[in-house]
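S.K.: First, the structure itself, so that you have it in front of you.
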Amino acid sequence: MAIWELRWFDFQAATVYVKYIKVLLKEETVKKVFLGALVIMLLLPAMVFAEVKAYEVVDVKDGGSIKGKIKSSGPVKDPVLEIKKDENVCGKSAPANMYIISGANEVKNVIVAVEDVAKGKAIPKTDTVIDNQKCEFVPIVAVAYVGDKYIIKNSDPIFHNTSLGILLGEGKKRTVYNLALPNKDQVIEKPVKVAGLQIVQCDAHAWMRAFVYASKSPYAAVTNDKGDFEIKDLLPGKYKVKIWHEGFGETIKDVEVKAGQATALDHTFTKK
Amino acid sequence: MLKIYPIIAVIGLFLSIVAVLRKSPFFNFAGLLIFIYGLLKSAEYIMPALPAQVILMYMAMCVFSLFIYFSIQEETFKAFLEPMRAVLADDNKKFLRLIIVFAALPLFAGYLTYVKVKPTYNPPVSARIVHPEPPSQMDFKGKTMNVLGLENPLRKDTANFAKYVEEGKKIYYQNCFFCHGDDLDGKGHMADAFNPVPLPFRGTDTIAQLPESFVFWRVSKGWRGLPAGSGPWNSAMPSFEDFLTEEEVWKVIMFIYESTGNKPRSW
Amino acid sequence: MRILIAVLLAMCFPVLGYGAENAAGNPEGKKIYDGWCAQCHGYKGDADSFTKDVSLPKPRDFTFGSFKFRSTPSGDPPTSEDLTKVIRNGNPGTSMPPWSRFSDAEVKAIVEHVKSFAPDTFAMEAKPIKIGTPPKASKELIEKGKAEFKAAKCVDCHGNAGRGNGEKGWQDDFKTDWGYGIAPADYTHGWELRNGSSLEDIYRTISVGLSGTPMTSYMDSLSDDKRWALAHFIKSLQLTRQLGLALKVKKTDNLPSKPNDPAWEKVDYMDLPIGGQLMFDTRDFTPVITNVRVRGLYTTKELAILLQWTDKKPNDGSDGKPTDSIRIQFPVKKHEATELPYFFMGTNKAPVNLWQWKASDMDKVFASVAKGHENVEPMEKSDATAMASYDDGLYSVVFKKELKSAKDDPVFEIGKFIPFSITAYDGRNGEENIRGAISAWYYLMMEPPTPLKVYVFPPVISLGVLIVGIGLHKKLRKNKRG
Amino acid sequence: MSDVSVKKGLAKGLIKLTVLLGIGFIFLLLLGKILPAPTEDGYRLFPVIGSRVWVWIIAQLHLNFAAFVLGVPIFAVSMEYLSWRRKDDRLDRIAYDFTKLFTLAYTITASIGTVLLISLPLLYPKFIDHMMRILGPTWWLYIAFMYVEVIVCYYYYYSWHKMKDKKGAHVAIGGLLNIMGTIMLLITSAWVGYMTTPGGVSETGELVNRWQAVKTFMWIPLSLHRLVANVVFGAGIAAAYAAYRFIASETDEDRAYYDWMGYTSAMISIGFSLLLPGVGYLLGVEIYSFNEQMGIQLMGGFFAWLWVMQAILIGAILMFVNYYLWISLNKMPGGERYFKYVKFLFIIMLLGYAVWLTPHSVALSLDEARKMGTYHPVLGNLGVMAAKNTAVVITYLATFLSFAIFKMSNKESVVSWVKLGNALRGLIVVGSSVIMLAIGVYSYMVTSSVRVKVLSPIQFGIFFLAIIALFILDAKMFKGAKIIGEPRWGKMPERSQYALIGITVTFTWLMGMMGYMRSGGRQYWHVYGIMKDTSVDAFLPTHGYAAVITSIVTVIFYALMGFLFYGIMKLEKKGGQGGAKA
Amino acid sequence: MKGGAIKLFLVVVGINIFFAYIGLYFLPQSQSLPPKTIKIEKGIPQDELIAVGESIIFGKGQCMVCHPMKPETGMRAPAIATIGAEMVKSAKERNMPVEAYVFEALVNPSSYIQKGFENMMPPVHKPPTSLTEGELIAVSAFLQSKGSNITINYPDSVPVLQEEITKEAKKGGSG
């Protein structure tokens, strides 16, 4: 740097310093800062408590449960995916498995989750497996529990990457994990940290998708072939239950759980 | 950056001082030359570097003059020649002679000749006039304006000053920042592609020295309005009268002054 | 306990006001952010801003909480240092410049403010991964990296030569978290790797991925040494960019037969940085091609100019979008002194000669004479020819023309600096006519063969000096004896 | 040689001249017939090197010799006059030596003149036609004067020993010789003056007034400039001759004599060269008043860089002169006391030289131009006239001080006011330097016309005042001074003589270069504004090309000079007359 | 001492080679070519006329010797960049048509001197500059393009020009 470019005295910086010094020298400010520090010190333990408050494990005796069946108003045709890549492994086309609806219009793969549960039983130690099989995620819809693990597998001889993201709507998401599985039988374990409904994708094979509901509480379930689900051992009280399906969308229902009883919760989706 | 030339100068000075103490004019001569060379080259740390040709000229002059100086008195001259004579003739300097006289000097001379005879080609330099002379009149979308004494009508409306600047900001970032930079420093992401490089607005060299009317002329007319000496054929500055209204041009001008902390020249 | 806190709170009410202001808002940060960041990232941090339509890549939306450039494992938020680094160094190849003007305190305040847009994300703990000492580069290591490049399937997206032309990188829904399309990086253009081009930068990117994009994290799937090997290999792909004003064109006996002939690689080259056409409507604010490499050779009869540039997805115009194309421009007349035609398409007074090659007609030259961008007339006859190839993301187009020139042809004189400029079109980006990436005037100079004197004079002078030295030596010896 | 009578000598001279002229005319007639007719434009082409280069070389050589035969007589006659008044034989011997030189040189001059006489009309018939039409009579006048001059010259030479007792008359003849020479100079200057700044003709080139055509703007200033330059040049050649003889001498006596001769000639040369900027200034003023355009073209346009070249050359000359003076301190008893001042003078010279050769706008590499523009922000200030003038007056002053030191080095003042005198001397030197510097700095702040028309003359005026004051002061201080010892003439190292040679060669080269510049001022005109040069050589060649031609001419000139010197030495050996009085 | 003579001659040759070297390698090497005659055809488009005028200003006319492009302190003659507007102003002051004023300024420059300048300009239609009628008109058009409307063209403006030339010639005859 040439000498004349050197600013021997940086005016901009100097004005800021002077401002700071002026503020500092004011008596009130000194007092404020001092007291502020004191308050922060006192509040610190409280803040720590506030963080932990998330989910409180208690012994649940005589809890109630929610049980029900999710149905569709009619049969919906499952779309067929056109596959243009890695055809030797993935095949030329595959069913999307989006609408798996039985003859009785019972819908599989619907997530039913009780939201914002403050207290309840301990979280089960079940890790959630996401397997890349023939260019498809298995399972397509799953529930994971915060604190447990994802076990992400690649059973194909080709590259997959598994990208989890919180769904933000309109094709947007917030990445949670994006992990590479370049080779067959590669397994990656990752802790379930971020709660919420997440989409699982493979950027290399854009048609691949799955959904995981990462739950902070143990109270979440996926419907089976018959559209049935059951959520057990809830403390009595009023809850909001979220019912979500990839194709049909989401509804939220208020449910009151009574001690020792099974509350029925049925829902019928209508394809728009 | 390692400041090597002052070090060279100091080494030269040291060598010549030692040579003076040990009464060896030849090394005094060599030391002084090194010192002067270092000094001339060091100039680049405090001003634009001296052109190579001028340095060459000065050095040639110094060699000539210093040689003359050391040959004034007989004893000095003898002492001056002694090292050279010794290298050329003394028996105990055989090795040195082999290296210097029979190898290094001929090779060096050959190299210098090579450098000199090797054809070099330099592309034409396009000189740039940073502030070309504005015309007295210009035409803005068919409206004739006197450039000299043109005033920014929006400046009078002091109540809406902040609003205009903000609108100017939007115009700037939709039309100008590609070249003139996010920070108005002339280093926009497309700046590299163009030659001459876009001008920065920061600092005191560009818009700070200009009245707003000049900037208005440059923004509205762009390359088309440049006089021949300023190389309109190279300029990528668009004629913004094609894209902006008169008021928008004034707004963007207000923004570039305001955001760089410069004041338009008013005299 | 709660009561105690409440009492305390009440006691320090004025204090709390001060403290809260400091913690949440960071007014200093907001002020600078609004002044110098909001034009692109939006006053609300949502990238709904002035430049959202005129910049590519688009400015980052902070409210999503996805951050590409991190030193933390996939899924974790970036550290404050990561954000600081982006502000300080900018992102090469984007419109995010390095901000050197702000003090460290000011940057810290900006970082605080940016974090406040995605409180959820930044509530998580962020711990940078450990980057050990990199192994020294060696041929074997690079070979290993090359093998790994295939094994880890990097080729799938980035292509065999790392130009970002991999098949999987070009599906239509290859998208980011923000829902925009994105293209895999071109490793050969080291100067525009967003996350930096140093070995460590590459290693870090491989390890943690770029959140929000398909670039995935390999930290769990590849061992450390493999990642270093990969980084070395990728680093070795980077081109050495040679910027300059004039291209020296050497004489040869035979021109290489093909545009992708390896013989071309030994020829001197010059890189032309190119930018969008901004002077005339419709302007191109978001060009994709940023660099064209030029080489030249000439024989006694012909001049050949090779233009090479990366196009990650070739486009011959068959899908409704314009075709990929490149155009070279010369002044029609011999230019005198430093006056030239206008560097884009000339003017009425000073016309230019254009040779355009299009991917839709691989071996054809569309020659025309332009007197300004609105006044282009195709030439009836031009003996300029073209040959082209597309290999692994790289277009190579050779223009050839006989040295003698007819009317309206450029004048090619040996030993003279002949001005030329380039316009490159990426059809996929919708570029055609006057929308395209353009270069300034550059020169090419057909170097006359080295004159004989270069080989004769130096040895003669050397010998002369030697003889003088020996003569002096002899003479002084004689004097000494005598 | 001594036996040749005056009559015989005269006859020899006249016959030579007539024969040469005759040969010239015969060749002209014959070749005019034999050679193919000139082109439509009125040119013939000289084979291989082209007409311009041929005429350039011949004309420049002729000019050099002419300068020699015009300049040396002035010098010789003044020497003879001094020897006559002072009764100093040494001076007489110098004068005679020179007379010998220029008498012999006449033949060469005339021979080359003949070649030129043949070449010009043959190669440029149309142009010479025009010149003859306008200035024809002066040409006959010129031939007439040539005869008179030859007569006077040969008479002067051959009657040297015969008229030993009538020195006054002999000196008068010498005076006449110089008058003749000056008249011839005036005639030739009129030709060149007409070509550059024509007058007395209509716009189409018809003669209106012949006297006006002779009495052009350039005539008198150019003649003056040439006259002074000729003296400088003649004395320089004399110094070179002395140096040559010094080196070739075998006895101490000879060496002492030639050392003294070299010193005297060199000092006269340098003394007169101080006048050159003045007369050059006059010439410049006249050119400007004839045509501003031409003046600017010469000073700042195409030729701007030649002034840098000139600066390098004059700087070299001054360095050589100072070097010679400093080295001369060796031979002065008591000279060693003054070596300590040489250091300071050297530094001043060096700095002045540096300023003087700093160009205003620098030829740059591309990178440099990008970094700093055309002018260097600091060096650019040293490149302008304000700095150059200041540097030149200060280096001149330093040179004068070197001379003063040399003069007083073997003396010790005995006057009572030594201290006051020394203080006064210091005051004059420092004071005038400070004033000159101040004016130099002030020059930056005024317009160019004030600088050129007011400040520069003041600077030079102060310089002359200062040296005159110093001269008078020294004369007073060293009146009847105690002399430590006589100068040990001949006790000079050989290299000092190379300095003398260097001065003269540089001066010759400078003359050649200035000739190119003067002639280039006409640009593509034979007669500026009247007659266009439409030949293939109408363009101005590059400076490098001109430099090479100038070098070639200079080398040829010195080769011929060498033969001349050699011939004289041979003659001396044969006859012994005029040689060292062993 | 024959060696002395040879040595001396070598010194002379050496000095000359040195000077030639300086001339060749230290000084900028450019030739000054005589100007070419420029053909101006009837009905030449305005922008071409201006371009020709410009080339004359920088070349054959040698105007740049005295006239600077931009106004600067201590300039010898009015600056080209603003000359068109200046001429309009002066013509108004002297109450004469602009065209006539422009031509007069070229062929009869001493008849009116701008304030602050000296009378030094030669009439450019005469030798040594000797611009032709067409060239004079081209120059005039170029000068007008520097800050005023261009009213001069070829060959319509020839009569006005010729009138000024005759005026100048008459003045020359009487004075």
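Which chain is which? The protein sequence lines are P, D, X, G and Z, in order.
Under my numbering, the first residue of the first sequence is numbered 142, with each subsequent residue one higher.
Under my numbering, the first residue of the second sequence is numbered 4, with each subsequent residue one higher.
Under my numbering, the first residue of the third sequence is numbered 50, with each subsequent residue one higher.
Under my numbering, the first residue of the fourth sequence is numbered 63, with each subsequent residue one higher.
Under my numbering, the first residue of the fifth sequence is numbered 9, with each subsequent residue one higher.
Glycine is no exception: its CB is placed at the ideal position from the N, C-alpha and C atoms.
Between the alpha carbons of residue 526 of chain X and residue 105 of chain D, how many angstroms are there, rounded?
M.R.: Cα-Cα distance, rounded: 16 Å.
S.K.: How would you list, in chain order, the residues of chain D whose beta-carbon sits under 8 Å from the beta-carbon of residue 155 of chain Z?
M.R.: Chain D residues near residue 155 of chain Z: 138, 139, 140.
S.K.: Identify the contact partners of residue 388 of chain X in chain D, using a Cβ-Cβ distance below 9 Å as the criterion.
M.R.: Under the 9 Å cutoff, chain D gives 231, 234, 236.
S.K.: Under 8 Å by Cβ, that's how I've got residue 252 of chain P and residue 361 of chain P pegged, so tell me the actual separation to the nearest angstrom.
M.R.: That pair is a contact at about 7 Å.
S.K.: Cα separation between residue 312 of chain P and residue 350 of chain P?
M.R.: Each residue's Cα considered, the two are about 12 Å apart.
S.K.: Give the single residue among G/293, G/367, G/413, G/180 whose Cα lies nearest to the Cα of residue 39 of chain D.
M.R.: It is G/413 whose Cα lies nearest to the Cα of residue 39 of chain D.
S.K.: Applying the criterion that 16 or more other CB atoms from any shown protein chain within 10 Å of the CB defines a buried residue, is residue 150 of chain X buried or exposed?
M.R.: Residue 150 of chain X comes out exposed.
S.K.: Taking residue 245 of chain D as the query, report the chain X residues whose CB atoms sit under 9 Å from its CB, ordered along the chain.
M.R.: Neighbours of residue 245 of chain D on chain X, chain order: 328, 329, 330.
S.K.: Could you say which of D/138, D/153, D/24 lies nearest to residue 152 of chain Z if we only look at CA atoms?
M.R.: Residue D/138 is the option with its Cα nearest to residue 152 of chain Z.
S.K.: From the DSSP output, read off the bridge partner residues of residue 360 of chain X.
M.R.: The partner list for residue 360 of chain X (beta bridge, DSSP) is empty, contrary to what the question assumes.
S.K.: Give the DSSP-derived three-state secondary structure of residue 426 of chain X in the structure shown.
M.R.: DSSP places residue 426 of chain X in strand when its eight states are reduced to three.
S.K.: Secondary structure at residue 267 of chain X, three-state DSSP: helix, strand or coil?
M.R.: Coil at residue 267 of chain X, not helix or strand.
S.K.: Can you check whether the CB of residue 377 of chain G is closer than 8 Å to the CB of residue 322 of chain G?
M.R.: No, Cβ-Cβ distance for residue 322 of chain G and residue 377 of chain G is not below 8 Å.
S.K.: Going by Cα to Cα distance, which pick from G/633, G/630, G/396, G/611 is closest to residue 119 of chain G?
M.R.: Selected option, being the one with the closest Cα: G/611.
S.K.: Are the C-beta atoms of residue 74 of chain D and some chain G residue less than 8 Å apart?
M.R.: With 8 Å as the cut-off, residue 74 of chain D counts as an interface residue toward chain G.
S.K.: Assess contact between the region 250 to 262 of chain D and the region 168 to 181 of chain D, defined as three or more Cβ pairs (one per stretch) separated by less than 8 Å. Is contact present?
M.R.: Touching, per the Cβ criterion.
S.K.: Report the start-end ranges of each alpha helix (DSSP H) in the region 121 to 196 of chain D that is 4 residues or longer and not cut off at the edges.
M.R.: Fully enclosed alpha helix (DSSP H) runs of 4 or longer: 164 to 178, 180 to 183.
S.K.: When the cut-off is 8 Å and only beta carbons count, does residue 298 of chain X lie next to chain D?
M.R.: Chain D, which has no Cβ nearer than 8 Å to the Cβ of residue 298 of chain X, makes this no.
S.K.: Using alpha carbons as the reference points, say which of G/544, G/240, G/281 lies closest to residue 344 of chain G.
M.R.: Of G/544, G/240, G/281, the residue nearest in Cα terms is G/281.
S.K.: Report the residues of the region 86 to 109 of chain Z with a CB closer than 8 Å to any CB of chain G, ordered along the chain.
M.R.: Here the close residues number zero.
S.K.: List the residues that DSSP assigns as beta-bridge partners of residue 347 of chain X.
M.R.: Answer is X/300, X/352.
S.K.: Report the option in G/372, G/72, G/454 whose CA atom is closest to the CA atom of residue 168 of chain G.
M.R.: Taking only the C-alpha atoms, the option nearest residue 168 of chain G is G/72.
S.K.: Drop a sphere of 10 angstroms on the beta-carbon of residue 173 of chain X, count the other beta-carbons inside from all chains shown, and report buried for 16 or more, exposed for fewer.
M.R.: Exposed, since its Cβ has fewer than 16 Cβ neighbours within 10 Å.
S.K.: Please classify residue 349 of chain X as buried or exposed, where buried requires at least 16 other C-beta atoms within 10 Å of its C-beta.
M.R.: By the 10 Å Cβ count, residue 349 of chain X comes out exposed.
S.K.: Please name the residue in X/407, X/201, X/418 whose C-alpha comes closest to that of residue 398 of chain X.
M.R.: Answer by Cα proximity: X/418.
S.K.: When DSSP builds the beta bridges, which residues end up paired with residue 429 of chain P?
M.R.: Not covered by the structure: residue 429 of chain P. The range shown for chain P is 142 to 413.
S.K.: Mind pulling the chain D residues with CB within less than 8 Å of residue 107 of chain X?
M.R.: Within chain D, no residue comes near residue 107 of chain X; the closest Cβ sits about 13 Å away, beyond 8 Å.
S.K.: Look up residue 468 of chain X in the DSSP assignment and say whether it is helix, strand or coil.
M.R.: Of the three classes helix, strand and coil, the one that applies to residue 468 of chain X here is strand, per DSSP.
S.K.: Starting from the beta carbon of residue 522 of chain X, find every residue of chain D whose beta carbon is closer than 8 Å, and list them in chain order.
M.R.: 91, 92, 100, 104, listed in chain order.
S.K.: Can you say whether residue 183 of chain D is buried or exposed, counting buried as having 16 or more other CB atoms within 10 angstroms of its CB?
M.R.: Label assigned to residue 183 of chain D: buried.
S.K.: May I ask you to verify whether the region 115 to 134 of chain X touches the region 195 to 203 of chain D, counting CB pairs closer than 8 Å and requiring at least 3?
M.R.: Short answer: they don't touch.
S.K.: Three or more C-beta pairs closer than 8 Å, one from the region 276 to 285 of chain P and one from the region 394 to 410 of chain P: is that the case here?
M.R.: Result no; under three Cβ-Cβ pairs closer than 8 Å.
S.K.: Using the rule of at least 16 other Cβ atoms within 10 Å of the residue's Cβ for burial, across every protein chain shown, is residue 164 of chain Z buried or exposed?
M.R.: Exposed.
S.K.: Would you please verify whether the beta carbon of residue 62 of chain Z is less than 8 Å from any beta carbon of chain D?
M.R.: Yes, residue 62 of chain Z lies at the interface with chain D (some Cβ there is under 8 Å from its Cβ).
S.K.: To the nearest angstrom, how far is the alpha carbon of residue 396 of chain G from that of residue 546 of chain G?
M.R.: Each residue's Cα considered, the two are about 7 Å apart.
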